[in-house]
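Numbering (my numbering), first residue to last: 29 to 309.
Positions of the beta carbon are idealized from the N, C-alpha and C atoms, including for glycine.
Take a look at the structure below.
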Amino acid sequence: MKTLKIASALILTLALLFVARKLAMVQPRVTQITQNNLSIVHLNPGKTLENQLLKIKVRVTGIGKTGEKVLLSFVYGQPAGEWGTAEMKNDTSLDFFVAEINGQPRGGKLYYYVEIQDSLNNTVASLGSEQNPLRLRFEGAISAGLLIPHIFCMFAGAFFSFLALFGAIGLLKSQGDFNSVARKVGWAALFIFIGGFPLGILVTRAALGGSGWGGFPIGNDITDSKTLLIFIYWLVLVVLGKGSIFGNRPEGNLVKPVAYGVLTLIGFLSVLGLYLIPHSI
29 MKTLKIASAL ILTLALLFVA RKLAMVQPRV TQITQNNLSI VHLNPGKTLE
79 NQLLKIKVRV TGIGKTGEKV LLSFVYGQPA GEWGTAEMKN DTSLDFFVAE
129 INGQPRGGKL YYYVEIQDSL NNTVASLGSE QNPLRLRFEG AISAGLLIPH
179 IFCMFAGAFF SFLALFGAIG LLKSQGDFNS VARKVGWAAL FIFIGGFPLG
229 ILVTRAALGG SGWGGFPIGN DITDSKTLLI FIYWLVLVVL GKGSIFGNRP
279 EGNLVKPVAY GVLTLIGFLS VLGLYLIPHS I
């Protein structure tokens with residue numbers, strides 16, 4: 029039974045991280061539009077390394093030889109800024125058009141869209157717009173020595189959260205081991221803290237610059253503030269189960285087993301929110 033729970037937690041953790049990665053706002057995504065028998069297809073990488081010449085490439089089909097041109101409109105920082113325009117040139121294949129623009133320092137953002145104009149400068153097809161542009165983020169390089177421990181800790185935090193969930197279900201049925209559940213809560217809280225704070229802050233600083241923390245009390249970043257609230261909740265679970273975690277003494281815990289099971293279940297749901305709600309950056 030123990031082996032089955034460990035295997036299930038491992039599989040569910042891998043599935044959770046896979047889904048979380050797919051939901052991330054800066055993942056590569058293919059966007060396309062077909063208008064007036066013209067098709068524009070573009071792979072938006074989501075992010076790119078800072079301070080490097082950036083190539084924006086699209087595939088256009090249906091374009092003729094009657095003076096149409098493909099234009100890239102872009103702005104750095106915020107969509108409300110001053111937009112620039114660059115004409116996209118044919119790549120090695122007739123269907124592909126490329127424009128090269130300057131990169132930006134880490135943490136910067138690029139908003140852009142692609143449109144096709146006819147010989148009279150009328151827009152006949154557009155992938156995105158000023159009101160609904162595509163977005164790309166510039167990031168610094170993150171060393172493997174920093175990224176791997178961060179990923180491991182976030183994986184371990186989710187893994188022990190699943191194990192704590194399985195144990196909490198037993199407590200709700202008055203069948204579980206209070207000591208075992210509380211210890212798993214302790215391990216989950218430890219890895220969530222290490223992965224989300226010292227390592228998470230360092231990873232964010234390497235990727236985006238700045239202090240690496242934009243949440244409460246110095247900012248209003250939703251992702252960072254959410255991580256802080258979730259960790260505080262799990263820290264409360266550690267305090268409530270301190271007898272089992274630090275001394276193998278369930279009589280030293282501050283709540284009854286069933287109540288601890290309910291609170292652990294709520295804590296697990298908060299972890300799901302941490303991983304499944306897309307990051308705000």
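Original post:
Hey, quick one: how far does the beta strand (DSSP E) through Ser239 stretch, first residue to last?
Top reply: Locating residue 239 in the sequence shown gives position 211, counting from the first residue. No beta strand (DSSP E) holds Ser239; DSSP gives it neither H nor E.
Subject >> Assigned secondary structure, Ile309 (DSSP; H/G/I helix, E/B strand, else coil) >> reply: Walking along the sequence shown from the start, residue 309 turns up at place 281. Reliability of the predicted coordinates at Ile309 is poor, the pLDDT of 45 falling under 50, and the value obtained from them is presented with this limitation in mind. Looking at Ile309 - three-state DSSP - the assignment turns out to be coil, as it is neither helix nor strand.
Subject >> Buried versus exposed call for Phe221 [16 or more other C-beta atoms within 10 Å across all chains shown] >> reply: Counting from 1 along the sequence shown, the entry for residue 221 is found at position 193. The residue in question, Phe221, is buried, as its Cβ has 16 or more Cβ neighbours within 10 Å.
Original post:
Sorted by chain position, which residues of the same chain lie with C-beta nearer than 6 Å to Ser67's C-beta, five sequence neighbours on each side aside?
Top reply: Within the sequence shown, residue 67 is the residue found at index 39, counting from 1. Cβ within range, chain order: Thr89 and Gly90.
**OP:** Can you grab the Cα-Cα spacing for the pair Tyr104 / Leu282, in whole Å?
**Re:** As a first step, residue 104 must be located in the sequence shown, where it is residue number 76. As a first step, residue 282 must be located in the sequence shown, where it is residue number 254. Taking the straight line from one Cα to the other gives about 53 Å.
Subject >> Where Gly109 falls: helix, strand or coil (DSSP) >> reply: Start at 1 with the first residue of the sequence shown, and residue 109 comes out as number 81. Of the three classes helix, strand and coil, the one that applies to Gly109 here is coil, per DSSP.
Original post:
Counting pairs of Cβ atoms below 8 Å between the region 127-134 and the region 231-243, do you hit three or more?
Top reply: yes
Subject >> Tyr141 beta carbon less than 7 Å from that of Arg163 >> reply: Taking the first residue of the sequence shown as position 1, residue 163 is located at position 135. Taking the first residue of the sequence shown as position 1, residue 141 is located at position 113. No, they are not a contact pair.
Subject >> Rounded straight-line distance, which links the Cα of Ser189 to that of Pro278 >> reply: Here residue 278 corresponds to residue number 250 of the sequence shown, with the count starting at 1. Here residue 189 corresponds to residue number 161 of the sequence shown, with the count starting at 1. For Pro278 and Ser189, the distance between alpha carbons rounds to 20 Å.
Original post:
Enumerated in chain order, which unbroken segments of the alpha helix (DSSP H) with a length of 4 residues or greater are wholly contained in the region 37-111?
Top reply: none
**OP:** Kindly indicate which three-state DSSP category Lys212 falls into: helix, strand or coil?
**Re:** Translated into the one-based positions of the sequence shown, residue 212 becomes position 184. Helix.
Subject >> Simplified DSSP state of Asn207, which is helix, strand or coil >> reply: The residue you call residue 207 lines up with position 179 of the sequence shown. It is helical.
**OP:** Would you tell me roughly how many angstroms separate the C-alpha atoms of Ile179 and Pro56, rounded to the nearest one?
**Re:** In the sequence shown, the residue the question calls residue 179 occupies position 151. In the sequence shown, the residue the question calls residue 56 occupies position 28. Taking the straight line joining both Cα atoms gives about 19 Å.
Subject >> Alpha-carbon spacing of Phe225 relative to Pro285, whole angstroms >> reply: As a position in the sequence shown, residue 225 is number 197, starting the count at 1. As a position in the sequence shown, residue 285 is number 257, starting the count at 1. Cα-Cα distance, rounded: 30 Å.
Subject >> Arg134 (DSSP reduced to helix, strand or coil) >> reply: Within the sequence shown, numbered from 1, the residue matching residue 134 stands at position 106. Here Arg134 sits in coil by DSSP.
Original post:
Should the region 205-215 be called in touch with the region 259-276, which here means at least 3 C-beta pairs below 8 Å?
Top reply: yes
Original post:
For Ile258, which residues from the same chain have a beta carbon less than 6 Å from its beta carbon, with the 5 sequence-adjacent residues on both sides left out?
Top reply: Here residue 258 refers to the residue found at position 230 of the sequence shown. Once the five neighbours on either side are set aside, the close Cβ partners of Ile258 are Ser298 and Leu302.
Subject >> Cβ-Cβ separation, Gly214 to Met182 (assumed contact under 8 Å), whole Å >> reply: For the purposes of this step, residue 182 is taken as residue 154 along the sequence shown, with counting starting at 1. For the purposes of this step, residue 214 is taken as residue 186 along the sequence shown, with counting starting at 1. The pair is not a contact, with the Cβ atoms about 17 Å apart (cut-off 8 Å).
Original post:
Which term fits Thr113, buried or exposed, when burial requires 16 or more other beta carbons within 10 angstroms of its beta carbon?
Top reply: Taking the first residue of the sequence shown as position 1, residue 113 is located at position 85. Thr113 should be labelled exposed.
**OP:** Report yes if the CB atom of Phe194 is closer than 7 Å to the CB atom of Lys33, and no otherwise.
**Re:** Indexing the sequence shown from 1 puts residue 194 at position 166. Indexing the sequence shown from 1 puts residue 33 at position 5. Yes. Within cutoff.
Original post:
Taking the beta strand (DSSP E) that Val126 falls in, what are its first and last residues?
Top reply: One-based indexing of the sequence shown puts residue 126 at position 98. Note, Val126: beta strand (DSSP E), Phe124 to Ile129.
Original post:
On the three-state DSSP scale, how would you describe Ser154?
Top reply: Translated into the one-based positions of the sequence shown, residue 154 becomes position 126. Looking at Ser154 - three-state DSSP - the assignment turns out to be strand.
Subject >> CB contact flag (Gly289, Leu200, <7 Å) >> reply: Along the sequence shown, one-based indexing puts residue 289 at 261. Along the sequence shown, one-based indexing puts residue 200 at 172. Cβ atoms of Gly289 and Leu200: closer than 7 Å.
Original post:
DSSP on Val337, reduced to helix/strand/coil?
Top reply: Here the chain comprises residues numbered 29 to 309, so residue 337 is not present and cannot be evaluated.
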